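Residues in the sequence shown are numbered from 617 upward in steps of one, following the working numbering. Here's the structure we're looking at; comments come further down.
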Amino acid sequence: MAFTPAATQTYIVTGTNANGCSNTAQVTVTVNALPNVSAGQNQTVCAGTAVTLNGSGANSYTWNNGVSNGVSFTPAVTQNYTVTGTDANGCANTAQVTVTVNALPTVSAGQNQEVCAGDSITLNGSGADTYQWDNNVQDGVSFTPAATQTYTVTGTNANGCSNTAQVTVTVNALPTVNAGEDTVVCDNDFPVTISANGNPNLSYAWSNGSNTQQTTITSAGTYTVAVTDGFGCSASDDIIVINEPCSGLEEGNFYFNLYPNPFDQFITLKSSESVSANIEIYSAEGRLISVTHMDGQEKTIALENLAKGSYTVRIGAANAQRIFTIIKQ
């Protein structure tokens, strides 16, 4: 009859034959202890992360679920794993470990965006608890992208699991427009037509209400043209139109002519006769910039260092005074 010995022990058997004669024999049953097998600590990982299971306390180990001892693998779901450890005596024992697999967050970087150059945007991640963007972008903080670019956000949930998402920001260049050089219009020449230099497919809007590439003006002033392209991006430019007499500027018994106007580097003043005159140049704000003297019939003044814009020239002679408005282009 089978039995389970609790410990190593010697057993004596007495045998009796048909004649009633008896004899004895003995046997020792050695009971080896089972190995104290361990499967290691329970583990928690994020989906897609590899783990390695190692048994201890025995000489050889066999795992269920196709796991090899000490070889990394990637668990798909939360599961219990059992290891059977066998010692040198051939005695075996088992242990279990639980590997918990936490799902990755479903992270979104939002819809792709289109903006005009110079416009700011704000990128917001969703689907996780915290967000980290590349290219020095901060979640929920506006910034101005310099060029078209794809941005990647890494979102991390409460379990410490992370996932990524991308969004592309397209930066459309601003349209270009030039209202032309500031100009002087002679007396009685109004109305005149001014024209913006730009793509004819743009939408045009002048400050005088015109919505065509050209517009007709009837008086001096500053005129602004704004253009908008198919992406909704816009730009603008100004032109200053000045009204001046142009037929020789008579003062007393002689007259002055000043040219070119607009100018680039120099202006030349001519008189119908020899004069002695002071020439003062003022900024548009009324600040005196320079004073020079003219003796004779012609004077050339170097003004290449002036910034672009409008200036006033005051000519004062003994019996004549004249004020010009000039444009540096």
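Glycine included, C-beta positions come from ideal geometry on N, C-alpha and C. Being a predicted model, the structure only gives us computed values, none of them experimental.
**Item:** Span of the beta strand (DSSP E) around Gln913
**Value:** Leu904 to Ala918
**Prompt:** Ends of the beta strand (DSSP E) at Cys732?
**Reply:** Gln729 to Cys732
**Request:** Can you have a look at Pro621 and say buried or exposed, based on whether 16 or more other CB atoms are within 10 angstroms of its CB?
**Result:** exposed
**Prompt:** Measuring CA to CA, which of Asn751, Leu720, Asn921 and Asn740 is closest to Gln729?
**Reply:** Asn740
**Request:** From the DSSP output, read off the bridge partner residues of Gln625.
**Result:** Val645
**Bridge partners - Gln748, DSSP secondary structure assignment** = Thr770
**Request:** Classify Glu866 as buried or exposed, calling it buried when 16 or more other Cβ atoms lie within 10 Å of its own Cβ.
**Result:** Its pLDDT being 45, under 50, Glu866 is placed unreliably by the model, and the measurement read from it follows with that caveat. By the 10 Å Cβ count, Glu866 comes out exposed.
**Asked** On the three-state DSSP scale, how would you describe Phe806?
**Response** coil
**Asked** Who are the near neighbours of Phe882 in its chain, counting only those whose CB is closer than 7 Å to its CB and skipping five residues on each side?
**Response** Thr916, Ile917, Ala918 and Leu919
**Item:** Spatial distance of Ala924 from Leu874 (CA atoms)
**Value:** Going by the sequence as given, residue 924 is Lys instead of Ala. Each residue's alpha carbon lies about 18 Å from the other.
**Asked** Within this structure, are the beta carbons of Ala851 and Thr764 separated by less than 8 Å?
**Response** no
**Residue span of the beta strand (DSSP E) that contains Cys777, given as start and end** = Run containing Cys777: none; DSSP gives neither H nor E here.
**Asked** What are the start and end residues of the beta strand (DSSP E) that includes Leu885?
**Response** Phe882 to Ser899
**Nearest to Asp911 (by Cα), restricted to the options Lys886, Arg903, Arg930 and Leu922** = Lys886
**Message:** Helix, strand or coil, according to DSSP, for Gln659 in the structure here?
**Reply:** strand
**Asked** From Ala711 to Ser672, what does the alpha carbon distance come to, in whole angstroms?
**Response** 10 Å
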